[in-house]
Structure formats: structure tokens, C-alpha cells
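Residue numbers (the UniProt record's numbering): 1 to 444. C-beta: ideal position from N, C-alpha, C; glycine also. Small disclaimer: the values here were computed from a predicted structure and weren't measured. The block underneath contains the structure these notes are about, expressed in C-alpha cells.
In C-alpha cells form, the structure reads like this:
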């Protein structure tokens with residue numbers, strides 16, 4: 001019989017998980033598709049510079065009956081063919097405004113894509129950190145339960161020989177029961193974190209390696225706030241949305257200005273009866289339309305677009321406030337978590353020394369079993385708290401990166417091909433004809 005040696009599963013890093021999430025998350029893929037749809041607004045606006053060409057034709061059959069003294073019947077088969085070309089020359093500035101609005105909308109959508117990317121990657125990182133934390137807590141809980149079980153068994157043995165009382169046994173038994181409850185709770189927390197991991201990453205966690213602190217964190221709060229104001233995706237998106245709204249004012253205002261277009265038409269007709277006849281008509285026209293009064297509707301829409309632009313400006317101001325608040329909270333959370341981690345490390349060292357001393361003193365009767373149990377509980381709590389604080393340090397670090405607009409594939413230097421939103425934009429911006437999309441590039 002041949003026994004195959006099992007191959008250990010290689011530990012997966014946080015960077016690898018984030019790279020996989022970046023490439024496969026449905027929400028992020030959908031947001032990229034939404035951006036590509038917004039890209040099409042630019043060629044649609046630019047199309048107003050271009051001519052329109054149409055070809056029309058008609059054919060029929062008719063009969064003419066003359067009921068006068070010289071009665072006769074004439075059968076006709078008329079046919080016409082016409083080619084019409086129309087070229088806009090001036091549309092009151094609406095084409096320029098529409099193009100600028102579409103371009104600003106695209107830039108706003110790109111920033112929103114970055115915001116979505118940050119949300120997705122931050123959620124995946126949090127899910128990863130939660131699993132690593134809960135696995136460590138469960139390991140500590142299992143070990144604590146085993147220690148207290150041995151403590152309970154040793155207490156019972158000493159009770160049997162008369163060294164300890166029934167109260168000592170009950171205290172040891174109570175602490176063992178609590179340790180069992182802690183272990184069960186830790187198992188439940190781990191299962192919940194694993195479920196959240198599957199939802200955010202798309203597959204169950206295997207062996208996860210403890211992550212390191214992300215690089216290039218700012219040095220102080222002032223750097224955080226200044227960088228957040230400059231690069232937070234929500235701020236960038238709000239600014240471009242405001243710019244697009246201002247373009248909307250010019251777009252509506254252009255409806256009050258004259259429009260000029262050039263049209264050319266060539267028509268050829270055939271009239272067949274007893275005598276065939278044909279004609280050709282050629283026309284080149286300069287068309288000028290001057291709006292005199294539009295019932296007040298356009299003026300109302302101009303006023304409405306101004307109010308909308310004001311709304312977008314206010315929203316941009318609020319986005320800056322939100323960015324500063326988010327960055328400040330993340331920074332302060334990071335500092336608090338770092339301080340807590342240092343304190344718990346010091347507590348663990350002190351608790352280890354205290355537990356060793358209490359155990360020795362318990363052997364000579366100067367310390368009770370309760371003193372030993374309390375010392376063990378304090379050490380266990382300190383170790384669990386350090387695990388949680390270490391997780392909080394990493395989570396707050398990534399929250400700081402997110403506040404600065406750096407929780408992205410390029411900002412984290414992820415080992416993945418980065419999606420370039422400009423590629424599709426460049427492909428379609430000057431496209432005159434064609435309705436296909438390139439599925440090989442992921443455009444589905």
C-alpha cells in the first residue's frame with residue numbers, strides 16, 4: 001500500500017488576498033462597467049460636432065382617371081431618392097458645454113471607482129485581520145482551558161489528601177467552566193469571521209499568515225488632514241461633480257442662443273406614365289434659428305441648474321469636512337491602538353512573573369488556589385487583549401490609508417495587473433462608428 005504524503009498548505013498573505021479580491025469582486029467589477037458606460041457620454045457630446053447623413057427613398061403606383069369628354073386613364077409609378085447631409089456649425093456653445101460636462105462626469109466616476117475599490121479592499125483586509133485575530137484568540141482559549149483543566153485535576157488530588165478544601169475545588173471548577181465558555185465563544189466568533197471573509201473575499205480562508213503594518217503611513221495628524229483633503233476619493237469626486245454641474249448651466253443657457261447649421265440635399269425623382277419624366281433637385285442651405293421666446297421654460301431650467309451647481313458646491317465642502325473627520329478618527333484610533341498594544345505587552349510580562357510567583361507561594365501555603373486562578377486569568381486576558389489590540393493597530397493603519405486615498409491596488413503595491421480606466425476612455429472618445437465592445441479587455 002502506498003501512502004501519499006500530505007502537502008502542507010502554503011500560508012496566504014494579506015497582499016495575495018487583496019490582489020485576488022481586486023481582480024474578482026463583483027461590486028468592483030460592476031463599478032468599472034458603470035464607469036465605462038459614463039465614458040460614452042464624451043463621444044456622445046462630441047458627436048454634435050459631426051454631420052448627419054441620411055438616404056431616403058419612396059416608390060409607389062397610382063392611377064389617374066379623366067372623366068371629361070376625352071376620357072382616359074393614366075397610370076403612374078412615382079419614385080424618389082434623396083441624400084441629405086446636415087452639419088452643425090454653432091449650437092449656442094452647447095456642444096462645448098456638453099463635452100466639458102461629460103468629461104467632468106467621467107473624472108467624478110473615476111474617483112467614485114477609487115472609493116469603491118477602497119471600500120472593497122478595506123472590507124477584505126478587515127475580514128482577513130478578524131480571522132487571524134479570532135484564530136489566535138481561539139488558540140489562547142483552548143490553551144487556557146487545558147491549563148485550567150490540569151489545575152482543576154491537581155486541586156482535586158490535593159483535596160483528596162486533605163491539603164485543600166472543597167471551596168478550592170469549586171473555585172477551580174468554576175474557572176474551568178468559564179474557560180470552556182470562553183473557548184466556545186471564541187469558536188463562534190471565528191466561524192462568524194470566516195463567513196464574513198467568504199463574503200468579502202469570495203472563498204473560505206485557508207492558512208493565513210500574520211500581516212505586517214502597511215508602509216508609507218503619515219508621520220503626524222497634520223499630514224493626514226492635508227493628504228486627505230487633496231486625495232480622498234470622495235473629495236475628488238465631489239469637486240468634479242460640482243464642475244459638471246457648472247457646465248450644466250452653460251448647457252441650458254445655450255438653448256437661448258442662435259443655432260447655425262449647413263445642410264445639403266440632392267433629390268432625384270422619376271414619374272412614369274405614358275411619357276416618362278425625371279427631375280433632379282440640388283440644394284445647399286444655411287440654416288439660422290434665433291430663439292425669441294421659449295415660454296419661460298428655458299429660463300427656469302437655467303435657474304434650476306444654478307441651484308444644482310450651488311448644491312454640488314456645498315456637498316463638496318461637506319465632503320472635505322467628512323474627509324478630515326475620517327482621517328482624524330483613523331489616526332487617533334491608530335495611536336490609541338498602538339498605546340494599548342504597548343501596555344498589554346508590559347502587562348503580559350508582569351503577569352507572567354506574577355503567576356510564577358503566586359504558584360510558588362501557593363505550594364508553601366502563603367497563596368490560595370483563588371490567587372493562582374486570578375493570576376492565570378489576568379495573564380490570559382492580557383494575551384487576548386494584546387491579540388485584539390494588534391489587530392486594531394493594523395485595521396486602523398489601513399483605515400488611515402483609506403482616508404488618504406491610498407487603499408488601492410497601486411497605493412498598496414499589490415501584485416496584480418492594475419485596471420486602467422483611461423484605456424477604455426481613449427478607445428471610445430474619438431470613435432465615429434461601431435457598437436461592439438471588446439470582451440477580450442473585460443468589457444462585458
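Of the candidates 280, 337, 156, the residue whose Cα lies closest to the Cα of residue 386 is 337. As a beta-bridge residue in DSSP terms, residue 82 pairs with 56, 267. Its Cα nearest to that of residue 237, the residue 106 stands out among 363, 106, 396, 324. When the beta-carbon positions are compared, residue 25 and residue 127 stay at least 9 angstroms from each other. In this chain, the alpha helix (DSSP H) harbouring residue 155 covers 94-160. Here residue 15 carries a helix assignment [DSSP, helix/strand/coil]. Under the three-state reduction of DSSP output, residue 88 falls in the strand class. Excluding its 5 nearest sequence neighbours in each direction, residue 400 has C-beta neighbours in its own chain below 8 angstroms: 217, 218, 224, 327, 330, 331, 334, listed in chain order. In terms of Cβ geometry, residue 221 and residue 112 do not form a close pair [threshold 9 angstroms].
The shortest C-alpha to C-alpha distance from residue 51 to any of 83, 75, 58 is the one to 83.
With respect to the C-alpha of residue 93, the residue from 257, 124, 226 having the closest C-alpha is 257. When C-beta atoms of the stretch 123-139 are compared with those of the stretch 178-189, three or more pairs fall below 8 angstroms, so the two segments count as touching. In the DSSP assignment, residue 63 is bridged to 75. Pairing residue 412 with residue 129 gives a Cβ-Cβ distance that is not under 9 angstroms. Taking all protein chains in view, the Cβ of residue 161 is surrounded by fewer than 16 other Cβ atoms within 10 Å, so the residue is classified as exposed.
For residue 344, there is no enclosing beta strand (DSSP E); the residue is found in the alpha helix (DSSP H) stretching over 297-363. If you keep only unbroken alpha helix (DSSP H) runs of at least 4 residues inside the stretch 199-243, you get 221-231. Judged by their CB atoms, residue 214 and residue 414 are not nearer to each other than the 9 angstroms cut-off. The C-beta separation of residue 108 from residue 244 comes to about 6 angstroms, placing the pair in contact by the 8 angstroms criterion.
Between the alpha carbons of residue 75 and residue 63 lies a distance of about 4 angstroms. Assigned with DSSP and collapsed to three states, residue 417 falls in coil, not helix or strand.
Taking C-alpha positions only, residue 361 is separated from residue 164 by approximately 15 angstroms.
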